[in-house]
Amino acid sequence: MRQPLRYPWLEVDVDDPSAPAIAVRVDVPETRAEVPAHRHRKGQLVFALGGGVTCHVPSGLWMVPPHCGVWIPGDMEHSNVATANARIFFVYIEPGAADLPDRCCTLSISPLLRELIIELSDSVQDDEARDGLLIRTLLSELPRMPVQRLHLPISSEPRLRRIAEALAQVPADRSTLAEWANRVALSESSLARLVVKETGLSFGRWRQQLHLIVAIRELASGASVQQVSGDLGYGSVTAFITMFKKALGKPPAKYLGSIAQNGGSAFVA
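Numbered continuously in the UniProt record's numbering, the sequence shown closes out at residue 269.
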């Protein structure tokens with residue numbers, strides 16, 4: 001069950017043009033929380049210090065595991081779903097204040113940038129004067145972060161979006177390509193070509209990418225490998241670990257450990 005995400009900083013105008021950067025912190029309660037679709041003038045970095053966040057934008061599904069962030073350009077509609085007990089930071093960047101991509105992307109978060117974000121959020125929440133040097137350092141460091149590819153491409157094509165939404169709701173659904181094609185009134189070959197055209201991935205690889213995103217999100221929030229394996233419909237824990245290791249080069253525990261140790265340098269290719 002998802003609860004609306006409650007902000008502790010209602011008095012803060014995140015689109016304040018006089019502030020080059022604003023950082024705020026949100027602690028999620030023991031149930032999942034959601035920010036419905038919205039947009040704002042400033043660009044936004046969604047950073048998770050603990051737990052995980054999934055960002056939905058028109059072109060795809062983006063995962064924010066611990067020690068990583070998702071950059072969302074200004075005026076782009078988006079929604080966020082956070083795992084239970086997540087510690088989230090939203091950093092709002094004035095357009096043109098930093099050399100950042102004009103598209104949604106996943107960024108590594110270095111230890112230095114992590115501390116800058118935490119310090120800036122504490123300053124805002126305590127209603128203290130913003131430290132100009134802190135903001136300038138953050139805006140200089142952020143564009144240097146490596147770009148990852150931890151996302152599920154989703155197009156506006158209605159039949160493909162219908163499949164994506166269904167799989168996101170029930171990731172354990174193991175329906176074949178032929179069965180999905182029948183549901184959306186296409187031939188199997190036509191659906192196969194459509195998925196490749198719209199996402200650049202085969203149907204099997206596209207669904208696996210969704211499984212990886214869900215797995216990392218759930219593991220980051222404290223779920224066991226056995227629980228995640230079952231939730232994704234794998235016949236055994238071994239089969240799930242094999243898939244995970246083949247895709248990411250490491251089993252789940254080592255992968256998450258490498259993200260924490262290296263400041264988010266691991267990625268889904």
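Cβ coordinates follow ideal geometry from the N, Cα and C atoms, glycine included.
| Item | Value |
| --- | --- |
| Cβ shell of residue 162 (< 7 angstroms), same chain only, five flanking positions each side left out | 184 |
| Alpha-carbon to alpha-carbon, residue 256 and residue 249 | 12 angstroms |
| Residue burial classification, residue 94 (beta-carbon count within 10 angstroms, cutoff 16) | buried |
| Beta-carbon separation (whole angstroms), residue 226 vs residue 214, contact threshold 8 angstroms | 15 angstroms between Cβ atoms; not a contact. |
| For residue 77, three-class secondary structure by DSSP | coil |
| DSSP state of residue 1 mapped onto helix, strand, coil | Summary for residue 1: the model assigns pLDDT 48, below 50, so the residue's position carries little reliability, and this model does not support an answer. |
| Selection from 38, 212, 45, 230 that minimises the alpha carbon distance to residue 98 | 45 |
| For residue 108, the first and last residue of its enclosing beta strand (DSSP E) | 105 to 108 |
| Beta-carbon gap between residue 51 and residue 100 smaller than 8 angstroms | no |
| Classification of residue 17 by the beta-carbon crowding that lies within 10 angstroms, buried from 16 upward | exposed |
| Nearest residue (CA-CA) to residue 106, options 148, 138, 72 | 148 |
| Beta-carbon proximity of residue 150 to residue 68, cut-off 8 angstroms | yes |
| Residue 120 versus residue 26: straight-line alpha-carbon distance, rounded | 13 angstroms |
| Alpha-carbon to alpha-carbon, residue 211 and residue 156 | 21 angstroms |
| Span of the beta strand (DSSP E), counted from its first residue to its last, around residue 158 | Run containing residue 158: none in the beta strand (DSSP E); it sits in the alpha helix (DSSP H), 158 to 169. |
| Residue 57 beta carbon less than 8 angstroms from that of residue 40 | no |
| Residue 160 to residue 102 span [Cα, whole Å] | 25 angstroms |
| Chain-order list of residues whose beta-carbon lies under 8 angstroms from that of residue 73 (same chain, five-residue window excluded) | 43, 100, 101, 102, 103, 104 |
| Rounded straight-line distance, which links the Cα of residue 199 to that of residue 206 | 8 angstroms |
| DSSP state of residue 145 mapped onto helix, strand, coil | coil |
| Own chain partners of residue 252 with C-beta closer than 6 angstroms, once the 5 adjacent residues on each side are dropped | 219, 225, 244 |
| Neighbourhood of residue 153 by C-beta distance below 6 angstroms, restricted to the same chain and skipping five residues each side | 60, 199 |
| For residue 57, the three-state DSSP class (helix, strand or coil) | strand |
| Residue closest to residue 113, alpha-carbon to alpha-carbon, out of 85, 143, 175, 222 | 143 |
| When 209, 110, 108 are compared against residue 167, the one with the closest alpha-carbon | 209 |
| Burial state of residue 187, where buried means 16 or more other Cβ atoms lie within 10 Å | exposed |
| Those residues which DSSP pairs with residue 90 across a bridge | 24, 46 |
| Residue nearest to residue 270 in terms of C-alpha spacing, selected from 221, 139, 96 | The first residue shown for the chain is 1 and the last is 269, placing residue 270 beyond what the model contains. |
| Residue(s) in a DSSP beta bridge with residue 200 | Beta-bridge pairing links residue 200 to no other residue. |
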